[in-house]
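Down below is the structure, laid out as structure tokens.
Residue numbers (my numbering): 4 to 433.
Shown next as structure tokens:
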């Protein structure tokens, strides 16, 4: 009968307040007439301090022996269960008993109330580690007061207690993007734990607010809640590029002065870099090419750095933009070495072209550069083949007739010797 009653109760609509009060008056009259106490009955089913009970326990009390004494029907039981049901489906028997007996049970006023703003005491080393951790959290969260709604969503059933479960507490911190180690998790739990499964988030937020107030008074943070750069701690990072520290003096050595990435030491000899630069200097000086005008087109915002692809295109333009028949060939490997040599320290994908131009024009004075003609960007790039004598089409033999079977013999020999002809020509196809 109780199971069928429970199933019907789940589908019943919200009861009328007048019907519930009428049922409570009937229960109150039976309690005064017979002399039973509902506090004593429900307290034997639940542990001390618990204010709710399961639905089947509530129905077993009122739908059991007391049903005939009080004279309750199934509809009245369903209305009572629906009226005192809380969000999780259990019944608040504390409120039900107080409305029936018009008083609280004996000794209930003497229950110890947990102060949500107290915390546990740790040793000196743990307190120092905790202070550093709280400072990191306080700086990461601009306004700790805004954290309270997150914790209130996970707050325990006893409202306004300032206590949440351990899983809910660290779920909120993880949602905010705070990365902490397992030791820091245990440190926070030992400091603010209420019991083995819950923490006092009210004490945690109170300490955060006090710490932020202290940091603002001492001038460690700005109005936005961020640490000033001189107080921002820096830790060594294995992924960071090996750059010289700005606070230390460094002497400039001879030879290559504009090297940003010193990682080439031990991999490529400095003489190879000097040979590449000397080859470019000879070509630029003989052809009188304004290299800076070439790279300015790839840098419209005049930042002094361009992408590696644009830098390689500029080198190719510099190789073909010439008046005389002087050849300069730069392989892909040599271009990569130049990109590595003049890589931007802040962005390895970009090249500092201004330093490259300064190294090329290092031996030339401004007066000599002023006499050079401007770069004609509108003219088509001319290759060495375009400067050969013009041959009429009638004179050129038709090689595709293959009367003697040259290509057929060449194909047979390449197949017999397993030679990849395409791969061989790709090396010279720039």
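Note that beta-carbon positions come from the ideal geometry of N, C-alpha and C, so glycine has one too. Note that this is a predicted model, so its numbers are computed, not measured.
Counting along the chain, where does the alpha helix (DSSP H) carrying residue i start and finish?
i           : result
residue 217 : 204 to 221
residue 371 : 369 to 373
residue 1   : One cannot answer for residue 1 here, as it falls past the ends of the chain, which runs 4 to 433.
residue 298 : 294 to 299
residue 428 : 424 to 429
Work out the CA separation of residue j and residue i for me, nearest whole Å.
i           : j           : result
residue 214 : residue 194 : 16 Å
residue 192 : residue 169 : 8 Å
residue 223 : residue 172 : 28 Å
residue 79  : residue 23  : 8 Å
residue 358 : residue 180 : 41 Å
residue 320 : residue 341 : 15 Å
residue 82  : residue 27  : 11 Å
residue 366 : residue 277 : 14 Å
residue 120 : residue 105 : 33 Å
residue 315 : residue 421 : 35 Å
residue 64  : residue 21  : 23 Å
residue 411 : residue 368 : 59 Å
residue 25  : residue 50  : 30 Å
residue 35  : residue 144 : 58 Å
residue 95  : residue 220 : 47 Å
residue 274 : residue 218 : 55 Å
residue 131 : residue 279 : 57 Å
residue 125 : residue 199 : 17 Å
residue 373 : residue 349 : 33 Å
residue 346 : residue 353 : 6 Å
residue 429 : residue 335 : 13 Å
residue 123 : residue 101 : 35 Å
In terms of DSSP beta bridges, what is residue i paired with?
i           : result
residue 309 : 354
residue 88  : 94
residue 196 : 202
In this structure, does DSSP put residue i in helix, strand or coil?
i           : result
residue 59  : helix
residue 346 : strand
residue 230 : strand
residue 23  : helix
residue 47  : coil
residue 288 : helix
residue 124 : coil
residue 224 : strand
residue 282 : helix
residue 272 : coil
residue 304 : coil
residue 100 : helix
residue 377 : coil
residue 105 : coil
residue 67  : coil
residue 76  : coil
residue 366 : coil
residue 182 : coil
residue 333 : coil
residue 54  : coil
residue 38  : coil
residue 118 : coil
Assuming residue i and residue j form a contact by the criterion Cβ under 8 Å, report the distance between their Cβ atoms to the nearest whole angstrom.
i           : j           : result
residue 363 : residue 309 : The pair is not a contact, with the Cβ atoms about 15 Å apart (cut-off 8 Å).
residue 333 : residue 322 : 7 Å
residue 62  : residue 84  : 7 Å
residue 360 : residue 298 : 7 Å
Can you tell me where the beta strand (DSSP E) holding residue i begins and where it ends?
i           : result
residue 168 : 166 to 168
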